[in-house]
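Chemist: The following block contains the structure, expressed as structure tokens.
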Amino acid sequence: MKIGFLSRWNATCGVSMHAELIGRELLRKGHEVKVFAPYKESANKWWHHRIVKDDEDFVVRCYYELDPKTMDG
Numbered sequence: 015m016k017i018g019f020l021s022r023w024n025a026t027c028g029v030s031m032h033a034e035l036i037g038r039e040l041l042r043k044g045h046e047v048k049v050f051a052p053y054k055e056s057a058n059k060w061w062h063h064r065i066v067k068d069d070e071d072f073v074v075r076c077y078y079e080l081d082p083k084t085m086d087g
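Throughout, my numbering is defined as the position within the sequence shown, counted from one, plus 14.
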């Protein structure tokens, strides 16, 4: 099965941890997983969402999150 996630990934937050646990288990079971995650420069603006490791080949960083100071996209 092909499965897509729209989520933070490899970051220091609960959303990322939850997505990674599910995504890695699906990969282990043989499914094709693609993760669509926020650009690193966008994600790293939030003090509690720091990217902590390099992305795997199945991660595509393709969108901006809101800026925490202005709440602009």
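Even glycine gets a Cβ: it sits at the ideal position worked out from N, Cα and C. Remember, predicted model here, so these are calculated numbers, not experimental data.
Label W61 either buried or exposed according to how many other C-beta atoms from any shown protein chain fall within 10 Å of its C-beta, with 16 as the threshold for buried.
Modeler: W61 should be labelled exposed.
Chemist: Quick check on the DSSP output: the alpha helix (DSSP H) that includes V74 runs from which residue to which?
Modeler: Segment 73-77 is the beta strand (DSSP E) holding V74; no alpha helix (DSSP H) there.
Chemist: Thinking N24 and V66 are a contact (beta carbons under 8 Å), I'd like their distance in whole angstroms, please.
Modeler: Right, their Cβ atoms sit about 6 Å apart.
Chemist: Could you please give me the residues that DSSP links to E46 through a beta bridge?
Modeler: According to DSSP, E46 bridges with K16.
Chemist: Give me the DSSP bridge partner(s) of A25.
Modeler: Paired residues: I65.
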